[in-house]
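Novice:
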Amino acid sequence: MRIDRVRIGYAPVRMRRPMRTAIHQTTHTHNALVEVCADGVAGQGAALTLAAGHAQAVCRMLEDFAGLLHGRDPREIRAISAAMRQQLSLTGQSGIGMLALSAVDTALWDLHARAAGLPLFRMLGGSATALPVYTQPGWLSLSDEELLAEALQAQEQGFRHYKMRVGSPDWRRDLDRVTRVREALDPATHLLVDANQGWSRTRALAATRALDELGLFWIEEPVAVDDVAGLAQIAAAIQTPVAAGESVFGTEGLRPLIEHAAAAVLMPDLQHCAGPTGFLLAATQAQLAGLPISNHLFIETSVHLMAACPNAHIVEYMPGWWDELFERPPDIRDGTIRPSDEPGIGVRFRDDATATLHRPQHGPD
Ligand SMILES: [Mg+2]
Numbered sequence: 040m041r042i043d044r045v046r047i048g049y050a051p052v053r054m055r056r057p058m059r060t061a062i063h064q065t066t067h068t069h070n071a072l073v074e075v076c077a078d079g080v081a082g083q084g085a086a087l088t089l090a091a092g093h094a095q096a097v098c099r100m101l102e103d104f105a106g107l108l109h110g111r112d113p114r115e116i117r118a119i120s121a122a123m124r125q126q127l128s129l130t131g132q133s134g135i136g137m138l139a140l141s142a143v144d145t146a147l148w149d150l151h152a153r154a155a156g157l158p159l160f161r162m163l164g165g166s167a168t169a170l171p172v173y174t175q176p177g178w179l180s181l182s183d184e185e186l187l188a189e190a191l192q193a194q195e196q197g198f199r200h201y202k203m204r205v206g207s208p209d210w211r212r213d214l215d216r217v218t219r220v221r222e223a224l225d226p227a228t229h230l231l232v233d234a235n236q237g238w239s240r241t242r243a244l245a246a247t248r249a250l251d252e253l254g255l256f257w258i259e260e261p262v263a264v265d266d267v268a269g270l271a272q273i274a275a276a277i278q279t280p281v282a283a284g285e286s287v288f289g290t291e292g293l294r295p296l297i298e299h300a301a302a303a304v305l306m307p308d309l310q311h312c313a314g315p316t317g318f319l320l321a322a323t324q325a326q327l328a329g330l331p332i333s334n335h336l337f338i339e340t341s342v343h344l345m346a347a348c349p350n351a352h353i354v355e356y357m358p359g360w361w362d363e364l365f366e367r368p369p370d371i372r373d374g375t376i377r378p379s380d381e382p383g384i385g386v387r388f389r390d391d392a393t394a395t396l397h398r399p400q401h402g403p404d
């Protein structure tokens, strides 16, 4: 097989509800798309950003990678991944460059599995067993009534895990809201909270000690991503598992969290980990450290990877962000999900997103 066409696109998607966390506020996801074709088989990948300019920067990086891809065997994914990494050595193997690399890597795995006629999880030796999945978002911007209604609706839809946001300047308000949601939900429904790095270390210690009484499923990113010592201090001070890892890049980023016992659950992010190739490496890194993983976002691809990881804990679903980018939403039933049984990742971009795909306008075609 030889790669004979690369197309790149940009698709903004309006969120079902405006997003507000401790550190982000926006109404759209801005997605950079890539499609890699070889011998009539097409694989697709995407990178998610929260700003149009960021997505366009990823598209520009994708155009440069297109020149590197042409004529190569798309099944030699690890060699291509290494070549892309080398191309990033001067500008850095993280950030915008890593998002572009990850989208290409995802498209290559999709292409490879499609060409083999296998769903990706099968190609990776994974199982078709249903995995537990949690829903969300419980934004800080929701009124108390809206938050309670959303949590109860999730429970009615069959979800047994629901995540809400904390991390507001007044942590006592967070505590009050979490307590009310916890009391409203069935005792068998698990409640997760995510502070999105919103608290200072002092605030986080006070808040997490108070939240520790509520029997939460986990507390996510209580402090800034680079405050590994603070994270470790909190993890040691409370019984509730601390989850972290979505904001760091690759195995290098996860290593300090492991070495300092800063998290009980690691959350590798597909586009921060160099696509499926790097996600699987990060999952193995966590497994060797005796830690479970929960994917960050990208459920369409990540569910295949989680199905292939013995230390998979729970799958993250973010409703109303990306569903409209694909031809159908993920198949979630009774709070569980199975990877698609169709070849590759098993789902395509919707027609209006596909219509944005075009050949590179800059660099070699
Ligand atoms: Mg999070």
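According to the numbering used here, the sequence shown holds residues 40 to 404 in order.
Note that the Cβ used here is the ideal one computed from N, Cα and C, for glycine as well.
None of these values were measured; they are calculated from a predicted model.
How big is the Cα-Cα spacing for residue 83 and residue 342?
Specialist: Those two C-alpha atoms are separated by around 16 Å.
Novice: For ligand 1, I want to know if residue 233 counts as a neighbour, meaning its beta carbon is within less than 7 Å of at least one of the ligand's heavy atoms.
Specialist: Result yes, Cβ under 7 Å from ligand 1.
Novice: I need the straight-line Cα distance from residue 347 to residue 383, nearest angstrom please.
Specialist: About 14 Å.
Novice: Just to confirm, is the Cβ distance from residue 252 to residue 234 under 8 Å?
Specialist: In this structure, residue 234 does not lie closer than 8 Å to residue 252 by Cβ.
Novice: Under a three-way DSSP split, which group does residue 98 fall into?
Specialist: Reduced to three states, the DSSP call for residue 98 is helix.
Novice: Need the endpoints of the alpha helix (DSSP H) that residue 210 sits in, please.
Specialist: It spans 210–223 - the alpha helix (DSSP H) in which residue 210 sits, taken as one unbroken run.
Novice: How is the beta strand (DSSP E) around residue 56 delimited, first residue to last?
Specialist: It spans 42–59 - the beta strand (DSSP E) in which residue 56 sits, taken as one unbroken run.
Novice: Kindly indicate which three-state DSSP category residue 257 falls into: helix, strand or coil?
Specialist: Reduced to three states, the DSSP call for residue 257 is strand.
Novice: For residue 309 versus residue 288, is the C-beta spacing smaller than 8 Å?
Specialist: No, they are not a contact pair.
Novice: Counting pairs of beta carbons, one from the region 84–97 and one from the region 106–116, are three or more of them closer than 8 Å?
Specialist: Not touching, per the Cβ criterion.
Novice: Since residue 350 contacts residue 331 with CB under 8 Å, what's their CB separation in whole angstroms?
Specialist: Indeed, because the Cβ distance is near 5 Å, the residues count as touching under 8 Å.
Novice: Could you tell me the boundaries of the alpha helix (DSSP H) in which residue 405 lies?
Specialist: Past the boundaries of the shown model lies residue 405; the chain is included only from 40 to 404, so the question cannot be answered.
Novice: Extract the residue ranges of the beta strand (DSSP E) inside the region 261–336, only unbroken runs of 3 or more that lie entirely within it.
Specialist: As far as the region 261–336 is concerned, its whole beta strand (DSSP E) runs of at least 3 residues are 281–283.
Novice: For my contact list, residue 236 and residue 62 are in at a C-beta cut-off of 8 Å; report their separation, rounded to the angstrom.
Specialist: That belief holds up - the Cβ atoms of residue 236 and residue 62 are roughly 6 Å apart, short of 8 Å.
Novice: Since residue 162 is in the alpha helix (DSSP H), which residue starts that stretch and which ends it?
Specialist: Element bounds for residue 162: 159–162.
Novice: For residue 248, which of helix, strand or coil comes out of DSSP?
Specialist: Helix.
Novice: In angstroms with no decimal places, state the Cα-to-Cα distance between residue 404 and residue 105.
Specialist: Its pLDDT being 44, under 50, residue 404 is placed unreliably by the model, and the measurement read from it follows with that caveat. The alpha-carbon atoms of residue 404 and residue 105 are separated by roughly 7 Å.
Novice: In angstroms with no decimal places, state the Cα-to-Cα distance between residue 203 and residue 149.
Specialist: Those two C-alpha atoms are separated by around 32 Å.
Novice: Is the separation between the beta-carbon of residue 142 and that of residue 217 shorter than 8 Å?
Specialist: Result no, Cβ atoms of residue 142 and residue 217 do not sit closer than 8 Å.
Novice: Counting C-beta neighbours from all protein chains within 10 Å, is the total for residue 46 16 or more, i.e. buried, or is it exposed?
Specialist: The residue in question, residue 46, is buried, as its Cβ has 16 or more Cβ neighbours within 10 Å.
Novice: Grab the span of the beta strand (DSSP E) containing residue 86 for me, first residue to last.
Specialist: Its beta strand (DSSP E) spans residues 80–88.
Novice: Measuring only from the beta carbon, is residue 195 closer than 7 Å to any heavy atom that is part of ligand 1?
Specialist: Residue 195 Cβ: outside cutoff for every heavy atom of ligand 1.
Novice: In or out: residue 248 buried (at least 16 other Cβ within 10 Å) or exposed?
Specialist: Residue 248 comes out exposed.
Novice: Taking 7 Å as the cut-off, is the beta-carbon of residue 74 closer than that to any non-hydrogen atom of ligand 1?
Specialist: No, the Cβ of residue 74 stays beyond 7 Å of every heavy atom of ligand 1.
Novice: Exposed or buried, what is residue 24 when buried is set at 16 or more other beta-carbons lying within 10 Å of its beta-carbon?
Specialist: Because the chain is modelled from 40 through 404, residue 24 falls outside the range shown and cannot be assessed.
Novice: Is residue 259 near ligand 1, with its Cβ less than 7 Å from a heavy atom?
Specialist: Result yes, Cβ under 7 Å from ligand 1.
Novice: By DSSP's criteria, residue 203 is part of a beta bridge. Which residues make up the other side?
Specialist: Partner(s): 232.
Novice: Taking residue 210 as the reference, which of 232, 192 and 223 has the closest Cα?
Specialist: It is 232.
Novice: Measure from the alpha carbon of residue 58 to the alpha carbon of each residue in 77, 86 and 180, then state which is nearest.
Specialist: The candidate whose alpha carbon is nearest that of residue 58 is 180.
Novice: So residue 100 and residue 136 are in contact, right, with Cβ under 8 Å, and what is the actual spacing, rounded?
Specialist: Yes, residue 100 and residue 136 are in contact; Cβ-Cβ is about 6 Å, under 8 Å.
Novice: Locate the alpha helix (DSSP H) running through residue 126, then write down its first and last residues.
Specialist: Looking at the DSSP string, the run of the alpha helix (DSSP H) that includes residue 126 is 116–126.
Novice: Just to confirm the assignment, what range does the alpha helix (DSSP H) spanning residue 64 have?
Specialist: No alpha helix (DSSP H) holds residue 64; the beta strand (DSSP E) holding it covers 64–77.
Novice: Which of helix, strand or coil does DSSP assign to residue 342?
Specialist: Of the three classes helix, strand and coil, the one that applies to residue 342 here is helix, per DSSP.
Novice: Grab me the residues of residue 257's own chain with a C-beta within less than 8 Å of its C-beta, minus the 5 sequence neighbours each way, in chain order.
Specialist: Result list for residue 257: 231, 232, 279, 280, 281, 282, 303 and 304, in chain order.
Novice: What does residue 388 pair with, by DSSP beta-bridge criteria?
Specialist: Note: residue 388 sits in a beta bridge opposite 365.
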